[in-house]
Amino acid sequence: MKNEAIVLNNKLFMKEIITGTTDEHNVAMELKNLFQEHGADQVFLEHVNVMTWYEKECFLEIGGQRIKCYSLPYTLTDDVEASIVFANYYGDRISLDNDPHGKVVVIPFPSDPDDAKFVLLKLYSAGALAVVFYDILPGRYRRIVVTGVEGFPFNYGAPPPIPAVSITKEDYLKLFMRRTDRVRIFINTRVDHGRYGYNVIAVYNGSKDHEIIYSVHHDHWFTGFSDDLIGLEIILKFSKKLRRLNNRKYTTILISFTAEESGAPGYRGWYWIWGSRKYLENRFVKSDLDNILLNINLDALFTSKVHVSFNLFLHGIVRELVDRGVIDSSLLEKEQPYFDSFSFALYGIPSITLHTFHELRVNYHTNLDDGREIDPKLEPFMISLLELLHRIINDKSINEIYSFRFLKERFSINPGIDLPLETRVLFRKLADLYNIKSKLDLNKFVKSFNRNFLKPIATYKINGSFETQLLPEIMIAMDVLKKIYDLNIKSEVIYSPGNENRIFEINLITKQGQRVNEEIIRALYEYIRLSSIKYLDLFNRIMGSTLRK
Numbered sequence: 000m001k002n003e004a005i006v007l008n009n010k011l012f013m014k015e016i017i018t019g020t021t022d023e024h025n026v027a028m029e030l031k032n033l034f035q036e037h038g039a040d041q042v043f044l045e046h047v048n049v050m051t052w053y054e055k056e057c058f059l060e061i062g063g064q065r066i067k068c069y070s071l072p073y074t075l076t077d078d079v080e081a082s083i084v085f086a087n088y089y090g091d092r093i094s095l096d097n098d099p100h101g102k103v104v105v106i107p108f109p110s111d112p113d114d115a116k117f118v119l120l121k122l123y124s125a126g127a128l129a130v131v132f133y134d135i136l137p138g139r140y141r142r143i144v145v146t147g148v149e150g151f152p153f154n155y156g157a158p159p160p161i162p163a164v165s166i167t168k169e170d171y172l173k174l175f176m177r178r179t180d181r182v183r184i185f186i187n188t189r190v191d192h193g194r195y196g197y198n199v200i201a202v203y204n205g206s207k208d209h210e211i212i213y214s215v216h217h218d219h220w221f222t223g224f225s226d227d228l229i230g231l232e233i234i235l236k237f238s239k240k241l242r243r244l245n246n247r248k249y250t251t252i253l254i255s256f257t258a259e260e261s262g263a264p265g266y267r268g269w270y271w272i273w274g275s276r277k278y279l280e281n282r283f284v285k286s287d288l289d290n291i292l293l294n295i296n297l298d299a300l301f302t303s304k305v306h307v308s309f310n311l312f313l314h315g316i317v318r319e320l321v322d323r324g325v326i327d328s329s330l331l332e333k334e335q336p337y338f339d340s341f342s343f344a345l346y347g348i349p350s351i352t353l354h355t356f357h358e359l360r361v362n363y364h365t366n367l368d369d370g371r372e373i374d375p376k377l378e379p380f381m382i383s384l385l386e387l388l389h390r391i392i393n394d395k396s397i398n399e400i401y402s403f404r405f406l407k408e409r410f411s412i413n414p415g416i417d418l419p420l421e422t423r424v425l426f427r428k429l430a431d432l433y434n435i436k437s438k439l440d441l442n443k444f445v446k447s448f449n450r451n452f453l454k455p456i457a458t459y460k461i462n463g464s465f466e467t468q469l470l471p472e473i474m475i476a477m478d479v480l481k482k483i484y485d486l487n488i489k490s491e492v493i494y495s496p497g498n499e500n501r502i503f504e505i506n507l508i509t510k511q512g513q514r515v516n517e518e519i520i521r522a523l524y525e526y527i528r529l530s531s532i533k534y535l536d537l538f539n540r541i542m543g544s545t546l547r548k
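Each residue of the sequence shown is one higher than the last, beginning at 0 in numbering that gives the first Met the number 0.
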């Protein structure tokens with residue numbers, strides 16, 4: 000694999016590539032040249048306005064000793080000196096060995112490193128001056144973006160209110176040995192607003208105008224071998240084969256996105272997948288989304304046991320991979336909001352993401368994501384998988400690409416609780432879609448349905464959830480009702496990230512044998528009923544615009 004590498008032995012790529020930098024521009028130009036060499040019919044760069052954050056220097060000083068650190072994006076330039084407080088986790092709570100007010104808190108990264116922001120904001124609220132994160136495994140520095148807003152809004156944000164840095168476990172032990180000393184944290188970073196990143200877009204014409212888009216991203220923290228250099232390598236090798244593949248019914252577009260890891264202007268809370276969001280936004284403004292049938296995205300690839308995160312309308316394609324023994328059914332997942340594929344979901348376009356995000360987590364965004372532990376079976380497996388997907392998709396009509404079976408299976412079952420009439424009507428209409436599929440403009444219907452019925456949901460806390468859900472207002476409230484009847488409910492606030500609406504909140508705690516207030520059940524029932532009315536209205540509008548005359 001090493002001898003045949005395209006980008007994996009290229010010095011342009013094998014270093015930290017941050018959106019909007021000269022290094023990224025050089026990478027984009029090289030990718031453009033490579034796609035042209037591989038026979039693409041068109042290759043062009045799309046400029047994307049980005050915010051560029053990068054680090055110039057980071058170190059700690061304690062007891063006359065200097066310790067290397069890496070600042071967490073978007074930490075600003077700072078110079079802090081204070082006493083140390085050590086902390087750890089107790090479930091979703093932080094346990095401190097002393098009052099953190101006016102001090103530097105040293106704490107491990109949470110089990111989900113992306114929760115670092117919630118840790119930082121909690122410690123800031125408790126009066127901490129800075130946070131030093133370390134990994135529980137040795138030798139690792141880690142970059143995780145932190146911002147100054149609790150949620151993940153699309154359109155606003157703020158820089159982190161206090162500095163945050165990463166050190167190795169070995170250096171944490173040095174701090175612990177000198178825990179009575181004061182520590183100095185020096186950080187020099189730069190933020191440039193109004194820079195440009197580059198989406199690299201290669202087009203391979205098919206006999207039809209409808210498009211299948213394959214995507215990766217070329218920006219990365221540290222070496223970023225699995226996230227996402229190996230994906231880029233795979234896409235480039237796939238591009239060399241495309242000219243020789245006989246069946247190209249649909250136009251194939253290969254895109255390497257910028258600003259997947261960071262770069263959304265103004266420190267926006269939803270800082271990631273900015274390059275792909277702008278790509279879709281630009282096409283939306285031009286009324287140029289109708290031809291996109293689906294997206295296949297590659298990200299965070301580490302082992303050959305590849306997970307498939309997919310939109311349920313693509314269940315038929317994914318099922319075919321399982322039936323052929325290519326993918327294990329235990330590795331199937333619903334659509335995730337972490338990947339560039341979710342930018343397509345925001346516009347209703349169904350996607351498949353091929354990833355090993357869970358297995359990569361130990362090296363996720365660390366200096367050890369450098370290919371040393373990569374599965375040698377991964378690259379050949381992925382290239383053959385993409386070729387198979389290409390054949391499966393191009394052998395199908397649009398009607399055959401989209402599967403409605405999940406609607407029948409999901410909404411025909413008895414939910415186990417009494418539901419409002421409006422909810423039962425909605426579920427029956429959704430289940431019946433399977434029987435009238437042939438009467439619909441499927442491309443238009445699928446996009447409208449996804450755009451209106453599929454939403455991200457999250458609980459903003461350490462070890463919280465972050466996923467996508469169909470009809471979240473109804474399904475979450477139904478789940479709470481079931482738990483109330485089972486006397487098994489906890490307090491919960493659930494948000495819809497991006498627009499930041501609270502879609503559900505309950506503060507009821509019950510114990511075994513305690514009678515639940517009937518008013519709460521009635522309120523939940525009414526909430527489900529009103530939510531169902533809203534979705535019925537949306538459903539009727541979608542049907543009115545997508546039923547064939």
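C-beta atoms are modelled at their ideal positions from N, C-alpha and C, and glycine is treated no differently.
Computed from a predicted model, the values in this text were never measured in an experiment.
Expected contact under 8 Å - CB spacing of Ile373 and Phe309 to nearest Å: The residue you call residue 373 lines up with position 374 of the sequence shown. The residue you call residue 309 lines up with position 310 of the sequence shown. Contact doesn't hold; Cβ gap of about 24 Å is too wide.
Cα-Cα separation, His24 to Asp218: For the purposes of this step, residue 24 is identified with residue 25 of the sequence shown, where counting begins at 1. For the purposes of this step, residue 218 is identified with residue 219 of the sequence shown, where counting begins at 1. Rounded to the nearest angstrom, the two C-alpha atoms are 10 Å apart.
Which residues DSSP lists as bridging Asn296, in chain order: By one-based count along the sequence shown, residue 296 stands at place 297. For Asn296, which the question treats as bridged, DSSP gives the partners Ser214, Thr352.
Inter-residue Cα distance where the pair is Tyr88 and Ser94: Against the sequence shown, residue 88 aligns to sequence position 89. Against the sequence shown, residue 94 aligns to sequence position 95. Using only the alpha carbons, I get a separation of about 6 Å.
8 Å Cβ shell around Ile5 - same chain, five flanking residues per side excluded: To locate residue 5, count along the sequence shown from 1; it is residue 6. Same-chain partners within the cutoff: Leu33, Glu232, Leu235, Lys236.
Proximal residues to His354 (C-beta, below 6 Å), its chain only, five neighbours per side dropped: As a position in the sequence shown, residue 354 is number 355, starting the count at 1. For His354, where only same-chain residues beyond five positions count, the Cβ hits under 6 Å are Asp298, Ala299, His306.
Test: Arg360 CB closer than 8 Å to a CB of chain B: The structure shown contains no chain B, having only a single protein chain.
Where His192 falls, given that 16 or more other Cβ within 10 Å makes a residue buried: The count along the sequence shown starts at 1 and reaches residue 192 at position 193. Burial call: exposed.
Ala157 - DSSP class collapsed to helix/strand/coil: Stepping through the sequence shown from its first residue, residue 157 is reached at position 158. Reduced to three states, the DSSP call for Ala157 is coil.
Start-end ranges of the beta strand (DSSP E) lying completely within the region 432-494, minimum 3 residues: Listed in chain order, the complete beta strand (DSSP E) runs (minimum 3 residues) inside the region 432-494 are 453-457, 465-469.
Option nearest His46 by Cα separation, candidates Met28, Asn198, Arg323, Gly150: Locating residue 46 in the sequence shown gives position 47, where the first residue counts as 1. Out of Met28, Asn198, Arg323, Gly150, the CA that lies nearest to the CA of His46 is found in Asn198.
C-alpha distance - Leu253 paired with Lys31, whole-angstrom precision: Position 254 of the sequence shown, counted from the start, is the residue given in the question as residue 253. Position 32 of the sequence shown, counted from the start, is the residue given in the question as residue 31. C-alpha separation (whole angstroms): 11 Å.
Inter-residue CB distance, Lys240 and Glu378 (contact presumed, cutoff 8 Å): Position 241 of the sequence shown, counted from the start, is the residue given in the question as residue 240. Position 379 of the sequence shown, counted from the start, is the residue given in the question as residue 378. Incorrect: roughly 13 Å between the Cβ atoms, too far for contact.
CB contact flag (Ile382, Leu293, <8 Å): Counted from its first residue, the sequence shown places residue 382 at position 383. Counted from its first residue, the sequence shown places residue 293 at position 294. For Ile382 and Leu293, no; Cβs fall outside 8 Å.
Which residues DSSP lists as bridging His37, in chain order: Here residue 37 is taken as the residue at index 38 of the sequence shown, counted from 1. According to DSSP, His37 bridges with nothing at all.
Inter-residue spacing [alpha-carbon to alpha-carbon] between Phe403 and Ala129: In the sequence shown, residue 403 corresponds to position 404, counting from 1. In the sequence shown, residue 129 corresponds to position 130, counting from 1. Phe403 and Ala129 have their alpha carbons spaced roughly 51 Å apart.
Sheet register partners of Ser255 (DSSP bridge): Counting from one through the sequence shown, the residue named residue 255 turns up at place 256. Ser255 pairs with Val199, Val215.
Phe283: first and last residue of the uninterrupted alpha helix (DSSP H) it sits in: Indexing the sequence shown from 1 puts residue 283 at position 284. That run of the alpha helix (DSSP H) goes 273-284.
Element boundaries [beta strand (DSSP E), containing Arg92]: Working through the sequence shown from its first residue, we reach residue 92 at position 93. Segment 92-95, the beta strand (DSSP E) holding Arg92.
Touch test, the region 52-68 against the region 270-289, Cβ-Cβ under 8 Å, three pairs minimum: Segments in contact, no.
Secondary structure of Lys240, DSSP reduced to three states: Position 241 of the sequence shown, counting from 1, holds the residue named residue 240. For Lys240, the three-state secondary structure derived from DSSP is helix.
With 16 other Cβ atoms within 10 Å as the buried cut-off, status of Thr589: Past the boundaries of the shown model lies residue 589; the chain is included only from 0 to 548, so the question cannot be answered.
Contact under 8 Å by Cβ, Phe85 with Arg194: Taking the sequence shown and counting its residues from 1, the one referred to as residue 85 is at position 86. Taking the sequence shown and counting its residues from 1, the one referred to as residue 194 is at position 195. No, these two residues do not count as a Cβ contact at 8 Å.
Paired residues, beta bridge with Asn500 - DSSP: Residue mapping note: residue 500 aligns to position 501 of the sequence shown, counting from 1. Ser495, per the DSSP bridge assignment.
Segment contact, 8 Å Cβ cut-off, at least three pairs: the region 448-464 with the region 111-126: Contact between the region 448-464 and the region 111-126 is present: 3 or more CB-CB pairs across the two stretches fall below 8 Å.
Classification of Gln35 by the beta-carbon crowding that lies within 10 angstroms, buried from 16 upward: As a position in the sequence shown, residue 35 is number 36, starting the count at 1. With fewer than 16 Cβ atoms within 10 Å of its Cβ, Gln35 is classed as exposed.
Asp78, enclosing beta strand (DSSP E) - first and last residue: Here residue 78 refers to the residue found at position 79 of the sequence shown. Here the beta strand (DSSP E) through Asp78 covers 77-81.
Cβ-based burial, Gln335 [other Cβ within 10 Å; buried from 16]: As a position in the sequence shown, residue 335 is number 336, starting the count at 1. By the 10 Å Cβ count, Gln335 comes out buried.
CA nearest to the CA of Tyr123, picked from Gly101, Arg139, Gly138: For the purposes of this step, residue 123 is identified with residue 124 of the sequence shown, where counting begins at 1. Ranking Gly101, Arg139, Gly138 by Cα distance to Tyr123 puts Gly101 first.
Local conformation of Gly543 per DSSP, three classes: By one-based count along the sequence shown, residue 543 stands at place 544. Note: Gly543 maps to helix in three-state DSSP.
Residue environment, Lys121, which counts as buried when at least 16 other CB atoms sit within 10 Å: Working through the sequence shown from its first residue, we reach residue 121 at position 122. It is buried - the Cβ of Lys121 has at least 16 other Cβ atoms within 10 Å.
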